[in-house]
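Chemist:
Numbering (the numbering used here), first residue to last: 2 to 184.
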């Protein structure tokens, strides 16, 4: 440490950050059933949460573009809160960084696309039941949170992506049975 006192808090900066200590939390509500095919309302507020599958979507924009293209007059808002290596209930963040649910409440989210299971699959078949219990608990918590202030969100789960064998690396042979179990 520098042995210098920390700088004074600037209340102006509070307007621009989303901090764990001060960010909103969603009220509890009844769960809303998600039916497929998913129908999006005009002005729907969509969030991506989960692991690297959706984190990397920030770099390319393909998923967002396809959703917008399918609903050109809906004025959709899409926000990406996915972080590489996130698991369904293990989402480490910097100190005082708001939780994913706090971000969802701040953005008044109606629909959640969630990608979980790939990272958890490295726990092997012996941890599959634990993953199912963790996912069930997470879904119940999310579905009964009125992030938009009115109702629980509709949630779409994205399955982990299967591996391919490439020369010298039999990834599919090594991983796909386990990945399929976590799908």
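Where a beta carbon is used, it is the ideal one built from N, C-alpha and C, also for glycine.
Note that the coordinates shown come from a computational prediction; the quantities given were computed from them, not determined experimentally.
Which residues in the same chain as residue 176 place their Cβ atom closer than 6 Å to its Cβ, once the five residues preceding and following it in sequence are excluded?
Modeler: 164
Chemist: Starting from the N-terminal side, write out each stretch of the beta strand (DSSP E) that is 3 residues or longer and does not extend beyond the stretch 105-173.
Modeler: List check, beta strand (DSSP E) in window: 112-116 and 155-159.
Chemist: How is residue 180 classed by DSSP in three states: helix, strand or coil?
Modeler: Here DSSP, grouped into helix, strand and coil, assigns residue 180 to helix.
Chemist: Along the alpha helix (DSSP H) that carries residue 71, what are the first and last residues, could you check?
Modeler: Per DSSP, the continuous alpha helix (DSSP H) segment holding residue 71 begins and ends at 63-71.
Chemist: Report the rounded CA-to-CA distance for residue 78 versus residue 179, giving the unit in angstroms.
Modeler: 35 Å
Chemist: Who are the Cβ neighbours of residue 56 in its own chain at under 7 Å, not counting the five residues just before and after it?
Modeler: 83, 84 and 85
Chemist: Compute the distance between the beta-carbons of residue 113 and residue 156, then report whether it is under 8 Å.
Modeler: In terms of Cβ geometry, residue 113 and residue 156 form a close pair [threshold 8 Å].
Chemist: For residue 168 versus residue 184, is the C-beta spacing smaller than 8 Å?
Modeler: no
Chemist: Could you pull the start and end residues of the beta strand (DSSP E) that residue 46 belongs to?
Modeler: 46-51
Chemist: With distances taken from CA atoms, which of 171, 158, 170 and 149 is nearest residue 31?
Modeler: 149
Chemist: Would you check if the distance between the CB atom of residue 40 and the CB atom of residue 76 is smaller than 8 Å?
Modeler: no
Chemist: Using alpha carbons as the reference points, say which of 129, 24, 10 and 65 lies closest to residue 108.
Modeler: Here the closest residue by C-alpha is 24.
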